[in-house]
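Data block below; observations after.
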Amino acid sequence: MVVIALVSAGLALLAYQVVVRVGLGWLADWWPAVAGVVAVAAAVVLAAGGGRERAGTHDWNRTTGLITALTAVGALVFTGLSLQATRQQTMVGEQTQVTDRFLRAVEQLASPGDDQVHLRIGGIFALERVAVDSARDRPTVEELLAAFIRDRSRRPADGTCPPTPMDVDAAFRVLARRPPSESVHPIDLRETCLVGVSAPRADLRRVSLVRSDLTGANLYQATLGLTSFADATLVGVRFADVSFASFAFVHGADLSRADLTRTDLSGLDLSGVNLSGADLTGAKHSPGTKVSTAVTDSTTVGAWW
């Protein structure tokens with residue numbers, strides 16, 4: 001039985017040397033558990049073997065089988081720990097790669113000057129890939145792109161917005177097509193100039209566009225939910241087939257000449273909203289839809305009140 005103990009100790013020592021040589025030093029914290037398994041197994045074998053020796057029935061075939069079983073136990077434990085180490089190293093490597101990609105994209109996004117617009121657009125799309133590949137970095141990417149839009153396209157005090165720059169348009173489209181998720185993070189785009197942006201089927205849940213200018217924007221079949229267009233300029237915006245019934249807010253907005261065909265306006269508060277020239281053909285409404293102070297004129301189509 002001394003042979004069994006020596007073999008067990010030798011296996012433990014050999015496995016420990018392998019751990020050190022392959023650079024899995026963190027497994028040293030687990031080593032007492034491995035050694036404990038080996039020691040317990042050895043103790044069981046010694047106890048069983050001792051009885052046989054006292055009885056004079058030493059069985060080398062049985063001893064060999066026990067040694068083999070002990071070796072298998074040690075190998076199984078070590079293999080499991082090695083696989084766990086490999087998984088952890090892979091995760092660390094992937095996160096490091098994502099971080100490097102994020103930092104490079106931020107550098108591109110910060111490139112100054114009108115002649116660097118294409119470099120900034122490249123950074124925007126690189127950030128989109130980071131958001132797709134790393135769910136935990138998605139809120140950071142969204143906040144960064146929203147801050148970029150607010151900084152580059154802040155609505156001036158006189159309310160007059162110039163055409164939307166290409167990089168701002170790209171950033172808005174990336175935010176509008178964020179990956180599907182049950183939980184969405186709020187996006188602050190208040191008081192921004194987004195004239196003429198095109199984002200059909202945009203995901204605008206929890207987006208604040210209060211006092212923003214989206215004149216001529218294409219938001220066909222956009223998804224809304226806790227979305228605020230309060231006091232926004234929405235002249236000529238294409239809202240066809242959009243549901244405003246999911247806690248959308250348009251109080252005080254200018255929706256003149258807007259395409260509101262086949263929209264769902266159930267329960268929507270249109271108080272003070274300018275609907276001059278708007279097309280409401282096929283729009284759904286409910287008794288809770290407030291239109292008493294909405295502004296219309298002879299060119300408004302589909303008004304039911």
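In terms of full-length UniProt numbering, the sequence shown opens at residue 1 and continues consecutively. Ideal placement from N, C-alpha and C gives every residue a C-beta, glycine not left out.
Query, Result
"Inter-residue spacing [alpha-carbon to alpha-carbon] between Leu275 and Phe172", "26 Å"
"Continuous alpha helix (DSSP H) stretch holding Gly277: start and end", "Per DSSP, Gly277 belongs to no alpha helix (DSSP H) and is neither H nor E."
"For Val2, the three-state DSSP class (helix, strand or coil)", "Confidence at Val2 is low in this model, with a pLDDT of 48, below 50, so the placement of that residue is unreliable and no value is reported for it."
"Ser298 versus Arg257, Gly272, Glu142, residue with shortest Cα-Cα distance", "Arg257"
"Endpoints, the alpha helix (DSSP H) within which Thr140 is located", "138-152"
"Helix, strand or coil at Val301 according to DSSP, with G and I counted as helix", "strand"
"Residue burial classification, Leu6 (beta-carbon count within 10 angstroms, cutoff 16)", "Reliability fails at Leu6, whose pLDDT of 49 lies under 50, so the model's placement of it is uncertain and the value that follows must be treated cautiously. The residue is exposed, with fewer than 16 neighbouring Cβ atoms inside 10 Å."
"Residues sharing a beta bridge with Phe249, DSSP", "Ser228"
"Three-state secondary structure (DSSP) of Thr164", "coil"
"Spatial neighbours of Ala131 in its chain, beta-carbon cut-off 6 Å, leaving aside the 5 residues before and after", "Arg138, Val141"
"Local Cβ density within 10 Å of Ser292, reported as buried at 16 or more and exposed below that", "exposed"
"Cβ-Cβ distance between Ala222 and Gly252 below 8 Å", "no"
"Exposure of Gly123, with buried meaning 16 or more beta-carbon neighbours within 10 Å", "buried"
"Beta-carbon proximity list for Arg155, same chain, < 8 Å, skipping 5 on both sides", "Cys161, Glu191, Thr192, Cys193, Arg211, Ser212, Asp213"
"Same chain, Cβ closer than 7 Å to Leu234, five either side skipped, listed in chain order", "Leu214, Ala253, Asp254, Leu255, Ala258"
"Distance between Ala232 and Asp114 (C-alpha atoms, nearest Å)", "28 Å"
"Distance between Val273 and Phe249 (C-alpha atoms, nearest Å)", "11 Å"
"CB contact below 8 Å: Arg190 versus chain B", "Judged by its chain identifiers, the structure shown contains no chain B, having just a single protein chain."
"Candidates Val242, Val295, Thr296: closest to Gly282 by CA position", "Val242"
"Three-state secondary structure assigned by DSSP to Val174", "helix"
"Exposed unless 16 or more other CB atoms sit within 10 angstroms - verdict on Gly159", "exposed"
"Chain-order list of residues whose beta-carbon lies under 8 Å from that of Pro165 (same chain, five-residue window excluded)", "Val117, Arg152, Ser153"
"Cut-off 7 Å between Cβ atoms - residues of its own chain near Glu128, not counting five sequence neighbours on either side", "Val174"
"DSSP state of Thr223 mapped onto helix, strand, coil", "strand"
"Phe125: first and last residue of the uninterrupted alpha helix (DSSP H) it sits in", "117-133"
"Three-state secondary structure assigned by DSSP to Val207", "strand"
"Whole-angstrom distance between Thr300 and Ala278, CA atom to CA atom", "5 Å"
"Cβ-Cβ separation, Arg206 to Pro186 (assumed contact under 8 Å), whole Å", "5 Å"
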